[in-house]
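Heads up, the thing below is written out as structure tokens.
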């Protein structure tokens, strides 16, 4: 555990390397602030011993002493300001770098990682934990460096005043160090529990907000409130444990040592006074330095809680950054191109959890320009075909081939550019309608955006909007109907002019009239393109060149619509069921 903490600490410190120049300047200002700070008690000691006690009030000497004291104080203020400015600027730059690095890594993780990781946990690590790490650089590191230099300056000043008392004061350092070590050991588990409970709290909050319509429809407010309150109470209890530890081992323990140190110093001066006269200035300066010694010590002790939180948070962030479950990547450097869109699955087996196969030895061939459809009951493996073709996951065994080239050999950019995907639940980003169709690809012109919208007949509602294509889109496109969001998603895909179309129940959220219009557009768009449709409504795929019927991860039937009906198998039963439902609705 100790080695792990050291490793996390060394990684935190490694982020400072690009800012060595700024750190050097900050350190110079820190030394300047420390030296000028130490001059104050020394100058007062000079005044007491050289002028006040002997009653020597020569004007020029006093003016000189006063001017030096004022200049030293002004320089201390200036150096302290510059030191804090540089340290905090470096701290914010480091945390900015770290957040970008974490976010970039998260984007490289596989979808299987996101399948098993609550969104709230990820958000907590990227926001809350990096914020705690920011406190390490902004508050803890600058405070510790400043105060260590300050303590060294105080000890040097003490030795200049009285070597014997200064040696005695050195005993305080191991005592304070022991308190710090004890605090770190006791608090590590407490702060880890606090951060973990905060992640659970964020996950619960995220779940509640995303499912608020279901919560309200089924009147689950009381249950959700109770569950949230339970999680919140656990977080509160974990936080209270850290507060109790802080209250015991931070300021109170330091104050106790401080009081004992002052008492002992005064006692030693009293003993010396019995033997020989004591200089009042030395007594004042030494007691002043003892007080000043404990000012940085107290400040460091109060920052220990931030330090421990930062170490715990850094451990969680680095654990995320060290996650090895990366998205599938290109193998080899051939950089082949998708030219025809000929697709073949060869004995493909796949499992999401590594235990249960959701695809079992699946093989099929889609020739250039063909339209094929996958149908089947929920959980049969239809959407998994799409996930693997888009290379969202690595297959367990078998091969996926496009134009005779293994899918693994294609660049991700090539796959995303040449294979257009439309999902059942269209996701819109904050921005405007035009940006959501263009997807911030400046190579797609405004006219091409409008042409894509006209192609899928999305222009009929877009042109009625207040600002048409410049109309702002709120988070997830909540201001649009599900059908309108889907039409924008269709236009987005068509704007890229892909070689292969993948439609994952893309017309499920569109009304019948709109669906008929889109089917007409799709028939035109499919010309010269390979199209793979994953469908629930069989009426939408009757003109497919080939239909694959899936059951329990296997293709159990294949053929055209008429061929499958004549077989009177699973497809036939599904068709009858859907037509009966339609008849009942009509009646």
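In the UniProt record's numbering, the protein residues as written are 1 to 587.
Ideal placement from N, C-alpha and C gives every residue a C-beta, glycine not left out.
Beta carbon of residue i nearer than 8 Å to that of residue j
{"i": "residue 26", "j": "residue 90", "result": "yes"}
{"i": "residue 233", "j": "residue 201", "result": "no"}
{"i": "residue 462", "j": "residue 452", "result": "no"}
{"i": "residue 384", "j": "residue 422", "result": "no"}
{"i": "residue 153", "j": "residue 35", "result": "yes"}
{"i": "residue 242", "j": "residue 190", "result": "yes"}
{"i": "residue 256", "j": "residue 180", "result": "no"}
{"i": "residue 536", "j": "residue 321", "result": "no"}
{"i": "residue 290", "j": "residue 265", "result": "yes"}
{"i": "residue 542", "j": "residue 561", "result": "yes"}
First through last residue of the alpha helix (DSSP H) which encompasses residue i
{"i": "residue 116", "result": "111-116"}
{"i": "residue 446", "result": "446-455"}
{"i": "residue 145", "result": "142-161"}
{"i": "residue 459", "result": "459-462"}
{"i": "residue 417", "result": "412-418"}
{"i": "residue 474", "result": "From DSSP, residue 474 is part of no alpha helix (DSSP H); its letter is neither H nor E."}
{"i": "residue 597", "result": "Limits of the chain in this structure are 1 at one end and 587 at the other, which puts residue 597 out of reach."}
{"i": "residue 132", "result": "130-135"}
{"i": "residue 120", "result": "119-123"}
{"i": "residue 563", "result": "561-567"}
{"i": "residue 170", "result": "Neither: residue 170 is in no alpha helix (DSSP H) and is coded neither H nor E."}
{"i": "residue 437", "result": "433-438"}
Buried or exposed by the 16-neighbour rule on C-beta atoms within 10 Å, applied to residue i
{"i": "residue 528", "result": "exposed"}
{"i": "residue 438", "result": "buried"}
{"i": "residue 164", "result": "exposed"}
{"i": "residue 324", "result": "exposed"}
{"i": "residue 553", "result": "buried"}
{"i": "residue 365", "result": "exposed"}
{"i": "residue 92", "result": "exposed"}
{"i": "residue 404", "result": "exposed"}
{"i": "residue 147", "result": "buried"}
{"i": "residue 37", "result": "buried"}
{"i": "residue 540", "result": "buried"}
{"i": "residue 240", "result": "exposed"}
{"i": "residue 469", "result": "buried"}
{"i": "residue 447", "result": "exposed"}
Rounded separation between residue i and residue j - CA only
{"i": "residue 471", "j": "residue 432", "result": "5 Å"}
{"i": "residue 85", "j": "residue 479", "result": "44 Å"}
{"i": "residue 335", "j": "residue 414", "result": "8 Å"}
{"i": "residue 77", "j": "residue 28", "result": "14 Å"}
{"i": "residue 545", "j": "residue 502", "result": "15 Å"}
{"i": "residue 500", "j": "residue 387", "result": "14 Å"}
{"i": "residue 530", "j": "residue 17", "result": "52 Å"}
{"i": "residue 172", "j": "residue 194", "result": "32 Å"}
{"i": "residue 224", "j": "residue 235", "result": "17 Å"}
{"i": "residue 363", "j": "residue 555", "result": "8 Å"}
{"i": "residue 244", "j": "residue 238", "result": "10 Å"}
{"i": "residue 457", "j": "residue 395", "result": "37 Å"}
{"i": "residue 182", "j": "residue 114", "result": "38 Å"}
{"i": "residue 150", "j": "residue 121", "result": "40 Å"}
{"i": "residue 301", "j": "residue 66", "result": "35 Å"}
{"i": "residue 292", "j": "residue 20", "result": "30 Å"}
{"i": "residue 88", "j": "residue 11", "result": "19 Å"}
{"i": "residue 379", "j": "residue 485", "result": "25 Å"}
{"i": "residue 567", "j": "residue 445", "result": "49 Å"}
{"i": "residue 399", "j": "residue 347", "result": "7 Å"}
{"i": "residue 572", "j": "residue 565", "result": "5 Å"}
{"i": "residue 72", "j": "residue 205", "result": "54 Å"}
DSSP three-state assignment for residue i, whether helix, strand or coil
{"i": "residue 428", "result": "coil"}
{"i": "residue 339", "result": "coil"}
{"i": "residue 30", "result": "helix"}
{"i": "residue 76", "result": "helix"}
{"i": "residue 403", "result": "coil"}
{"i": "residue 374", "result": "strand"}
{"i": "residue 500", "result": "strand"}
{"i": "residue 646", "result": "Given that the chain is displayed from residue 1 to residue 587, the structure contains no residue 646 and the question cannot be resolved."}
{"i": "residue 83", "result": "helix"}
{"i": "residue 395", "result": "coil"}
{"i": "residue 351", "result": "strand"}
{"i": "residue 558", "result": "strand"}
{"i": "residue 443", "result": "coil"}
{"i": "residue 423", "result": "coil"}
{"i": "residue 344", "result": "strand"}
Residue i, enclosing beta strand (DSSP E) - first and last residue
{"i": "residue 550", "result": "546-551"}
{"i": "residue 324", "result": "Taken as a continuous stretch (DSSP letters only), residue 324 belongs to no beta strand (DSSP E), as it is neither H nor E."}
{"i": "residue 361", "result": "357-366"}
{"i": "residue 532", "result": "530-534"}
{"i": "residue 541", "result": "First-last for residue 541: undefined, no H or E at that position."}
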